[in-house]
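Novice:
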Amino acid sequence: MDTSSDSNVSNLALEINDLVVEYRTYEGVVHALNGMNIQVETGKTLGLVGETGAGKTTTGLSVLRLVPDPPGIILCGKIKLNGEDILAKTEKEMQKIRGKVVSMIFQDPMTSLNPVMTVEEQIAEVIEHHESITKEQSIKKAREMLELVGIAGTRGNEYPHQFSGGMKQRVVIAIALACSPSLLIADEPTTALDVTIQAQVLEMMKNLREKYKTSMLMITHDLGIVAEICDMVSIVYAGRVVEHGTLEDIFDNTRHPYTEGLFNSLPNLADRKTKLKPIKGLMPDPSNLPAGCPFHPRCGYVLDICNKEKPQKIYRTDKHYTECHLYSSKSMVEGKVIGR
Amino acid sequence: MSKPQPLPLIEAKNLKKYFKTKRGMLHAVDDVSFTIERGKTLGIVGESGCGKSTMGRTILRLLEPTAGQVYFEGEEITAFSQSQMYKKRKDIQIIFQDPFSSLNPRKTVSEAISEPLKINKIITNKEKRMEKVLAVMDLVGLAERLANTYPHELDGGRRQRIGIARALALDPKFIVCDEPVSALDVSIQAQILNLMKELQETLGLTYMFITHDLSVVNHFSDEIAVMYLGRFIEKAPAEELFENPIHPYTKALLSAIPMPNLHHKMQRILLSGEVASPIEPPSACRFAPRCNMCMEKCKVSEPAFVEVSPGHYVSCFLANDKAREG
Numbered sequence: 000m001d002t003s004s005d006s007n008v009s010n011l012a013l014e015i016n017d018l019v020v021e022y023r024t025y026e027g028v029v030h031a032l033n034g035m036n037i038q039v040e041t042g043k044t045l046g047l048v049g050e051t052g053a054g055k056t057t058t059g060l061s062v063l064r065l066v067p068d069p070p071g072i073i074l075c076g077k078i079k080l081n082g083e084d085i086l087a088k089t090e091k092e093m094q095k096i097r098g099k100v101v102s103m104i105f106q107d108p109m110t111s112l113n114p115v116m117t118v119e120e121q122i123a124e125v126i127e128h129h130e131s132i133t134k135e136q137s138i139k140k141a142r143e144m145l146e147l148v149g150i151a152g153t154r155g156n157e158y159p160h161q162f163s164g165g166m167k168q169r170v171v172i173a174i175a176l177a178c179s180p181s182l183l184i185a186d187e188p189t190t191a192l193d194v195t196i197q198a199q200v201l202e203m204m205k206n207l208r209e210k211y212k213t214s215m216l217m218i219t220h221d222l223g224i225v226a227e228i229c230d231m232v233s234i235v236y237a238g239r240v241v242e243h244g245t246l247e248d249i250f251d252n253t254r255h256p257y258t259e260g261l262f263n264s265l266p267n268l269a270d271r272k273t274k275l276k277p278i279k280g281l282m283p284d285p286s287n288l289p290a291g292c293p294f295h296p297r298c299g300y301v302l303d304i305c306n307k308e309k310p311q312k313i314y315r316t317d318k319h320y321t322e323c324h325l326y327s328s329k330s331m332v333e334g335k336v337i338g339r
Numbered sequence: 000m001s002k003p004q005p006l007p008l009i010e011a012k013n014l015k016k017y018f019k020t021k022r023g024m025l026h027a028v029d030d031v032s033f034t035i036e037r038g039k040t041l042g043i044v045g046e047s048g049c050g051k052s053t054m055g056r057t058i059l060r061l062l063e064p065t066a067g068q069v070y071f072e073g074e075e076i077t078a079f080s081q082s083q084m085y086k087k088r089k090d091i092q093i094i095f096q097d098p099f100s101s102l103n104p105r106k107t108v109s110e111a112i113s114e115p116l117k118i119n120k121i122i123t124n125k126e127k128r129m130e131k132v133l134a135v136m137d138l139v140g141l142a143e144r145l146a147n148t149y150p151h152e153l154d155g156g157r158r159q160r161i162g163i164a165r166a167l168a169l170d171p172k173f174i175v176c177d178e179p180v181s182a183l184d185v186s187i188q189a190q191i192l193n194l195m196k197e198l199q200e201t202l203g204l205t206y207m208f209i210t211h212d213l214s215v216v217n218h219f220s221d222e223i224a225v226m227y228l229g230r231f232i233e234k235a236p237a238e239e240l241f242e243n244p245i246h247p248y249t250k251a252l253l254s255a256i257p258m259p260n261l262h263h264k265m266q267r268i269l270l271s272g273e274v275a276s277p278i279e280p281p282s283a284c285r286f287a288p289r290c291n292m293c294m295e296k297c298k299v300s301e302p303a304f305v306e307v308s309p310g311h312y313v314s315c316f317l318a319n320d321k322a323r324e325g
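So the protein sequences, as listed, match chains H and Y.
Note that numbering that gives the first Met the number 0 has the first sequence beginning at 0, numbered continuously upward.
Note that numbering that gives the first Met the number 0 has the second sequence beginning at 0, numbered continuously upward.
Written out as structure tokens, the structure is:
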């Protein structure tokens, strides 16, 4: 199945192949990523969905080569950004890439801004680093960026504490977009915000994405946000993609029991009487992952083989695959194996 | 002869909680009234800073109300002395949002759960107390082997179960649940919500469920109140509120929920701006600066909280006019 990636290599903004990342701590080795595979097509948005500890943020940090080392080690695998091998770059080259080719928005806008710098200085800092322009010009551009994210440019000389949570997240987005990167990694960008503010920020991100044709990796746990903003979805469990496909594949042709479990855990607005069907048990400890399929202890459809062998990829279409022992290539197409 | 109305378990009348700040009085809860029937759940939704948590704490008198009364089974608990209130608290409990900071890190699970029993001198015999602790742990789905572990050894879901067990240890009648599942992953969130619902059915508990998550509150509540800058702006039975929202803020709030479904697209109402300051609010509709239906009178006077259909209350001039027209 390797042929597909070679033929359209130019179409991929980001390609991660078999990435393995470990955190080696005194308490043991934490297996954060165990053969992570994702592809973000140029101009498209991929949603990376999973729960706490699934390895979503580590994936984002790996692309920027910001995995804290020690204790983090990128053991093996490939990360290609616009066809270029990120893992072969020197630190100096990486500094030219971060912010210019790829930017990351972090979850918590309260802690990702510098409290003792004005917001325009923080935006200008990125611009000055990547472009040879004067301080004045960079401040002017910083103010334009503020306007772009819906903040009056005149507020540029204020400090982060003078802004509300939603405004701070807009500033963070302005910093990330200041040098028009081709790939934006957004790590739970609206989780800390209220719903009405979340709606505003998502709308703005959609508009900016259209305007700049930015490719996006959207890290989230919220399937509602995925439905709204993503083109493709990868469901992550214990550091691996367990199901991947287009929005329609994942939402309407769900195959993996974990994906089903995520949907069943959500309260349904249309039908308030049905009881929630949570996934039993807890996320496995990443320093002590179960043998075979890591989801088997929580799976309602578990087979004898599940605790012995790791499942292989099975394709329904050339875009939609899952890693689960329940399926043969025939039943993968037909579906009706799980309840959803 | 008319049948006497059953006494509501809890009733709040014109409850107010103001905080003194350097810039003036902060109206956190501003003239809120409601009743909750025995065995029912009142959901309170609103965005950060709308006063929902302050209200929860004021009802338990963890914060003293600035004005207004709270009645519990017909008794005015706001008139109680400290020692009377102390005794009453075993009937009225609270579950906090953050299972990471609401537990004492130096107490084991069983110590944390037995503490309220000890303090209230409910069970003085140590062995009997341990029996009760284990019974409550079983009730909330905590394995017996966890009795001697410390909170840091446990995950968020289990910690929240300790919080629930602590609240249940005293066999309370009423529990204020302040964002009990917000800090948890979706699969764990569903486990805890199911647990709380089962407990309500088996123990006949009454809940006040405070949250910012509209899909959770819909799933959980019999009645829902929407709060904005310290006031209730709409209150209705859960189904009615979701099917027939009237206040422009409620409508915007409902439309802002991202739906995990590809075939159910709602027309989104985007609100401009953000919540205004709760310090010395003007006597006008508090939502007026962000409202897309704002009229002249909204900026100069405040609409009353009126019943537009049975059990459905709204505070908006548009709705009031409609109700008058009949």
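Glycine included, each C-beta is placed from N, C-alpha and C at the ideal position.
Please report whether the beta-carbon of Gly325/Y lies at a distance below 8 angstroms from any beta-carbon of chain H.
Specialist: Numbered from 1 along the second sequence, position 326 holds the residue referred to as residue 325/Y. With a pLDDT of 49 at Gly325/Y, under the threshold of 50, the modelled position of that residue is not reliable, and the figure given next carries that caveat. Closer than 8 angstroms to the CB of Gly325/Y there is not a single CB belonging to chain H.
Novice: Just to confirm the assignment, what range does the alpha helix (DSSP H) spanning Val344/Y have?
Specialist: Here chain Y covers residues 0 to 325 and nothing more, so residue 344/Y does not appear.
Novice: Measure from the alpha carbon of Glu124/H to the alpha carbon of each residue in Gly164/H, Ser163/H, Ala173/H and Arg169/H, then state which is nearest.
Specialist: Start at 1 with the first residue of the first sequence, and residue 124/H comes out as number 125. Proximity to Glu124/H across Gly164/H, Ser163/H, Ala173/H and Arg169/H peaks at Ala173/H, based on C-alpha coordinates.
Novice: Within its chain, find whatever has a CB closer than 7 angstroms to the CB of Leu183/Y; leave out the 5 residues flanking it on each side and keep chain order.
Specialist: In the second sequence, counting from the first residue as 1, residue 183/Y sits at position 184. Residues of the same chain with a CB within less than 7 angstroms of the CB of Leu183/Y, apart from the 5 flanking positions on each side, are Gly155, Gly156, Gln159 and Ile191 in chain order.
Novice: Under the rule that 16 or more other beta-carbon atoms within 10 Å means buried, what is Gln83/Y, buried or exposed?
Specialist: Counting from 1 along the second sequence, the entry for residue 83/Y is found at position 84. Counting Cβ neighbours within 10 Å, Gln83/Y comes out exposed, since fewer than 16 surround it.
Novice: Taking 8 angstroms as the CB-CB limit, is Asp75/Y close to chain H?
Specialist: One-based indexing of the second sequence puts residue 75/Y at position 76. Looking at the sequence shown, residue 75/Y is not Asp but Glu. Not one beta carbon of chain H lies nearer than 8 angstroms to the beta carbon of Glu75/Y.
Novice: Which same chain residues end up closer than 6 angstroms to His243/H when comparing Cβ atoms and leaving out the 5 residues on each side of it in sequence?
Specialist: Numbered from its first residue, the first sequence carries residue 243/H at position 244. Correct list, in chain order: Ser233 and Tyr320.
Novice: If you compare alpha carbons, which of Leu133/Y, Gln188/Y, Glu222/Y and Ala283/Y is closest to Glu50/H?
Specialist: As a working mapping, residue 50/H is identified with position 51 in the first sequence. Closest option to Glu50/H, Cα to Cα, is Gln188/Y.
Novice: With H, G and I counted as helix, E and B as strand and the rest as coil, what does DSSP make of Lys205/H?
Specialist: Counting from 1 along the first sequence, the entry for residue 205/H is found at position 206. Note: Lys205/H maps to helix in three-state DSSP.
Novice: Can you tell me the Cα-Cα spacing of Lys117/Y and Ile43/Y, whole angstroms?
Specialist: On the second sequence, residue 117/Y is found 118 positions in, with the first residue counted as 1. On the second sequence, residue 43/Y is found 44 positions in, with the first residue counted as 1. Their backbone Cα atoms lie some 32 angstroms apart in a straight line.
Novice: Within the stretch 53-103 of chain Y, note down every full beta strand (DSSP E) run reaching 3 residues or more, in order along the chain.
Specialist: The DSSP assignment places complete beta strand (DSSP E) segments of no fewer than 3 residues inside the stretch 53-103 of chain Y at 66-71 and 91-94, in order along the chain.
Novice: Taking one C-beta from the stretch 244-257 of chain Y and one from the stretch 32-40 of chain Y each time, how about it: are there three or more such pairs within less than 8 angstroms?
Specialist: no
Novice: Beta-carbon within less than 6 angstroms of Gln38/H's beta-carbon, same chain only, minus the 5 sequence neighbours each way: which residues are those?
Specialist: One-based indexing of the first sequence puts residue 38/H at position 39. The answer, listed in chain order, is Leu11 and Glu14.
Novice: So, are the CB atoms of Gly50/Y and Met226/Y less than 8 angstroms apart?
Specialist: Taking the first residue of the second sequence as 1, we reach residue 50/Y at position 51. Taking the first residue of the second sequence as 1, we reach residue 226/Y at position 227. With contacts defined as CB atoms closer than 8 angstroms, Gly50/Y and Met226/Y qualify as a contacting pair.
Novice: Could you spell out the range, first to last residue, of the beta strand (DSSP E) harbouring Tyr312/Y?
Specialist: Start at 1 with the first residue of the second sequence, and residue 312/Y comes out as number 313. DSSP places Tyr312/Y inside the beta strand (DSSP E), whose first and last residues are His311 to Val313.
Novice: Report the rounded CA-to-CA distance for Ile228/H versus Leu192/H, giving the unit in angstroms.
Specialist: Translated into positions along the first sequence, residue 228/H becomes position 229. Translated into positions along the first sequence, residue 192/H becomes position 193. Linking Ile228/H to Leu192/H through their CA atoms gives a straight-line distance of about 17 angstroms.
Novice: Any C-beta of chain Y sitting closer than 8 angstroms to the C-beta of Lys274/H?
Specialist: By one-based count along the first sequence, residue 274/H stands at place 275. With 8 angstroms as the cut-off, Lys274/H counts as an interface residue toward chain Y.
Novice: Would you decide whether Thr2/H is buried or exposed? Buried here means 16 or more other CB atoms lie within 10 Å of its CB.
Specialist: Here the question's residue 2/H lines up with position 3 in the first sequence. Reliability fails at Thr2/H, whose pLDDT of 43 lies under 50, so the model's placement of it is uncertain and the value that follows must be treated cautiously. Thr2/H is exposed by the Cβ-count criterion.
Novice: Would you mind telling me which residues of chain H sit closer than 7 angstroms to Glu273/Y, beta carbon to beta carbon, in chain order?
Specialist: The residue you call residue 273/Y lines up with position 274 of the second sequence. Ordered by position in chain H, the residues that pass the 7 angstroms Cβ test against Glu273/Y are Ser163, Gly165 and Ile196.
Novice: Please look up how many angstroms separate the CB atoms of Thr219/H and Gly52/H, rounded, as I've assumed it's under 8 angstroms.
Specialist: Within the first sequence, residue 219/H is the residue found at index 220, counting from 1. Within the first sequence, residue 52/H is the residue found at index 53, counting from 1. Wrong, their Cβ atoms sit about 15 angstroms apart, outside the cutoff.
Novice: In chain Y, which residues lie with their C-beta within 8 angstroms of the C-beta of Arg239/H?
Specialist: For the purposes of this step, residue 239/H is identified with residue 240 of the first sequence, where counting begins at 1. Going along chain Y, no residue has its Cβ under 8 angstroms from Arg239/H, so there is no contact; the nearest lies around 17 angstroms.
Novice: Buried or exposed for Leu207/H, going by 16 or more other Cβ atoms inside 10 Å?
Specialist: Position 208 of the first sequence holds residue 207/H. Under this definition Leu207/H is a buried residue.
Novice: Given this structure, state the Cα-to-Cα distance separating Pro281/Y from Asn119/Y, to the nearest angstrom.
Specialist: Translated into positions along the second sequence, residue 281/Y becomes position 282. Translated into positions along the second sequence, residue 119/Y becomes position 120. So the two alpha carbons sit approximately 44 angstroms from each other.
Novice: Give a yes or no on whether the C-beta atoms belonging to Lys16/Y and Leu62/Y are separated by under 8 angstroms.
Specialist: Numbered from 1 along the second sequence, position 17 holds the residue referred to as residue 16/Y. Numbered from 1 along the second sequence, position 63 holds the residue referred to as residue 62/Y. Their beta carbons are under 8 angstroms apart, which means Lys16/Y touches Leu62/Y by this criterion.
Novice: Does DSSP put Cys358/Y in a helix, in a strand, or in coil?
Specialist: Lying outside 0 to 325, the shown extent of chain Y, residue 358/Y is not represented and no answer is given.
Novice: With a 10 Å radius around its C-beta and 16 neighbouring C-beta atoms as the bar for buried, classify Thr89/H as buried or exposed.
Specialist: Counted from its first residue, the first sequence places residue 89/H at position 90. When all chains shown are included, Thr89/H counts as exposed.
Novice: From which residue to which residue does the alpha helix (DSSP H) around Pro259/Y run?
Specialist: On the second sequence, residue 259/Y is found 260 positions in, with the first residue counted as 1. Where Pro259/Y is concerned, there is no enclosing alpha helix (DSSP H), given that its DSSP letter is neither H nor E.
Novice: If I follow the unbroken alpha helix (DSSP H) through Asp137/Y, where does it start and stop?
Specialist: Looking up residue 137/Y in the second sequence gives position 138. Counting along the chain, the unbroken alpha helix (DSSP H) around Asp137/Y starts and ends at Lys125 to Leu138.
Novice: Within a Cβ cutoff of 7 angstroms, which residues of the same chain sit near Glu165/H, ignoring the five residues on either side of it in sequence?
Specialist: On the first sequence, position 166 is the one that residue 165/H refers to. Going by the sequence as given, residue 165/H is Gly instead of Glu. The answer, listed in chain order, is Leu192, Ile196, Gln199 and Val200.
Novice: For the alpha helix (DSSP H) holding Arg267/Y, just list the boundary residues, first then last.
Specialist: On the second sequence, residue 267/Y is found 268 positions in, with the first residue counted as 1. Careful: Arg267/Y lies outside any alpha helix (DSSP H) and carries neither H nor E.
Novice: Of all Cβ atoms in chain H, is any one closer than 8 angstroms to the Cβ of Ile252/Y?
Specialist: Walking along the second sequence from the start, residue 252/Y turns up at place 253. In the sequence as displayed, the identity of residue 252/Y is Leu instead of Ile. With 8 angstroms as the cut-off, Leu252/Y counts as an interface residue toward chain H.
Novice: In chain H, what lies closer than 7 angstroms to Asp154/Y by C-beta?
Specialist: Looking up residue 154/Y in the second sequence gives position 155. What Asp154/Y touches in chain H: Leu281.
Novice: Since Pro236/Y sits in a beta bridge, which residues does DSSP pair it with?
Specialist: Stepping through the second sequence from its first residue, residue 236/Y is reached at position 237. The partner list for Pro236/Y (beta bridge, DSSP) reads Glu222/Y.
Novice: So with Cβ pairs under 8 angstroms, would you call Ile138/H a contact of chain Y?
Specialist: As a working note, residue 138/H is residue 139 in the first sequence. The Cβ of Ile138/H sits no closer than 8 angstroms to any Cβ of chain Y.
Novice: Buried or exposed, going by whether 16 or more other CB atoms sit within 10 Å of the CB of Asn217/Y?
Specialist: Mapped onto the second sequence, residue 217/Y falls at position 218. Buried is the call here.
Novice: Output needed for Glu10/Y: all residues of its chain with C-beta closer than 6 angstroms, excluding positions within five of it in sequence on either side, in chain order.
Specialist: Locating residue 10/Y in the second sequence gives position 11, counting from the first residue. Correct list, in chain order: Thr34 and Tyr70.
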